[in-house]
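The letter at position 202 of the sequence shown is residue 204 when you use the numbering used here, and the numbering goes up by one with no holes. For every residue, glycine included, the Cβ atom is placed at its ideal position computed from N, Cα and C. Source: prediction; values computed, not measured.
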Amino acid sequence: MDLLTQWLGWMPNLAPGLVISLQLTGLALLIGFPFGLLLAVMAEAKFLPFQWISFGFVEIGRGLPALVLLYLLYFSLPDAGITLTSLTTAIIALSWNTGAYASEYFRAGLAAVPLGQKEAAITSGLTGWTGFRIVILPQALRISTPPLAGLAVLVFQGSALAFVIAVPELMSKAFEIGSITFEYLSVYTLTAVIYGSLTLVFLGLVRLLELRLGRHLLRN
């Protein structure tokens with residue numbers, strides 16, 4: 003059978019899995035980025051309990067591989083009387099992992115805001131939370147955006163790990179096709195092409211974003 007014809011024949015079966023992968027990625031980013039920002043703000047707070055809470059979430063999220071975190075949540079929570087669907091578990095695990103890494107990018111962005119900007123905010127009477135929200139945070143977000151966009155690409159690739167807890171994403175659909183046809187090499191090659199193609203598109207968009215933000219920061 004012609005390889006291209008074979009691949010085209012499999013696409014209708016792979017497409018629903020790709021949709022799940024993209025949805026999983028989107029939800030992990032939608033939850034993980036705000037969670038990471040919250041952890042970064044808590045880490046910079048002068049209230050020690052906030053710092054320790056942030057430290058705990060970040061160290062667990064970064065210290066444990068996403069696969070281990072998936073297994074822990076999926077198989078351990080039922081022992082505590084908490085039963086979640088595989089998709090919900092994957093969203094929680096990937097969001098936690100994303101938030102932990104994003105918090106470090108946000109903290110780096112906050113640290114990169116020039117001291118003069120912070121002093122200008124105080125001089126203008128914008129102290130405390132008001133100065134942070136109006137002056138510091140917008141600049142930190144601009145600085146953090148390129149690495150966060152790169153993190154989004156890694157989250158998309160990492161969504162394939164959800165296969166191990168039976169989330170019907172792209173890798174799961176590829177495995178189903180391989181189990182039926184025994185054409186594992188061919189179907190996994192197609193899956194790799196799909197992941198690689200979308201990753202290249204995402205990386206191109208990240209590069210454009212970096213160039214635009216770079217010009218904006220130079221003007222300011």
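How big is the Cα-Cα spacing for Glu178 and Ser188?
For this step, residue 178 is matched to residue 176 along the sequence shown. For this step, residue 188 is matched to residue 186 along the sequence shown. Their backbone Cα atoms lie some 13 Å apart in a straight line.
Note the first and the last residue of the continuous alpha helix (DSSP H) segment covering Arg226.
Since the first residue shown for the chain is 3 and the last is 222, residue 226 is missing from the structure and cannot be characterised.
How close, in whole Å, do the beta carbons of Gly34 and Ser88 come, if the pair is a contact with beta carbons under 8 Å?
Counted from its first residue, the sequence shown places residue 34 at position 32. Counted from its first residue, the sequence shown places residue 88 at position 86. Gly34 to Ser88, Cβ: 18 Å. No contact.
Which word fits Trp12, buried or exposed, when buried means at least 16 other C-beta atoms lie within 10 angstroms of its C-beta?
One-based indexing of the sequence shown puts residue 12 at position 10. The residue in question, Trp12, is buried, as its Cβ has 16 or more Cβ neighbours within 10 Å.
So Leu16 packs on Lys175, CB below 8 Å; how close in whole Å?
Taking the sequence shown and counting its residues from 1, one reaches residue 16 at position 14. Taking the sequence shown and counting its residues from 1, one reaches residue 175 at position 173. Their Cβ separation, rounded to whole angstroms, is 5 Å, which keeps Leu16 and Lys175 in contact under 8 Å.
Just to check my reading of the structure: Gly152 and Val60 have Cβ atoms closer than 8 Å, yes? What is that Cβ distance to the nearest angstrom?
Locating residue 152 in the sequence shown gives position 150, where the first residue counts as 1. Locating residue 60 in the sequence shown gives position 58, where the first residue counts as 1. That belief does not hold up - the Cβ atoms of Gly152 and Val60 are roughly 18 Å apart, past 8 Å.
Within the same chain, show all residues whose beta-carbon is closer than 8 Å to that of Leu26, passing over the 5 residues directly before and after it, in chain order.
Here residue 26 refers to the residue found at position 24 of the sequence shown. Leu89, Ala92, Ile93, Leu96, Ser161, Ala164, Val169, Glu171.
For Val137 versus Leu31, is the C-beta spacing smaller than 8 Å?
Within the sequence shown, residue 137 is the residue found at index 135, counting from 1. Within the sequence shown, residue 31 is the residue found at index 29, counting from 1. No, they are not a contact pair.
Expressed to the nearest angstrom, what Euclidean distance is found between the alpha-carbon atoms of Trp131 and Arg144?
Here the question's residue 131 lines up with position 129 in the sequence shown. Here the question's residue 144 lines up with position 142 in the sequence shown. Each residue's Cα considered, the two are about 19 Å apart.
In this structure, does DSSP put Ile84 in helix, strand or coil?
On the sequence shown, residue 84 is found 82 positions in, with the first residue counted as 1. Ile84: coil per DSSP, three-state reduction.
My output table needs one value for Val169: the three-state DSSP class, helix, strand or coil.
Numbered from its first residue, the sequence shown carries residue 169 at position 167. Here Val169 sits in coil by DSSP.
Let me check understanding here. Comparing Cα to Cα, which of Pro148, Ala82, Gln159 lies closest to Ser201?
In the sequence shown, the residue the question calls residue 201 occupies position 199. This sequence places Thr at residue 201; Ser is not what is there. Looking at the Cα atoms, Gln159 is the closest of the given residues.
Under DSSP, the alpha helix (DSSP H) around Ile138 begins and ends at which residues?
Position 136 of the sequence shown, counted from the start, is the residue given in the question as residue 138. Looking at the DSSP string, Ile138 is not in any alpha helix (DSSP H), and its letter there is neither H nor E.
How many angstroms separate the CA atom of Ile84 from the CA atom of Phe77?
The residue labelled residue 84 in the question sits at position 82 within the sequence shown. The residue labelled residue 77 in the question sits at position 75 within the sequence shown. Distance between the alpha carbons of Ile84 and Phe77 is about 10 Å.
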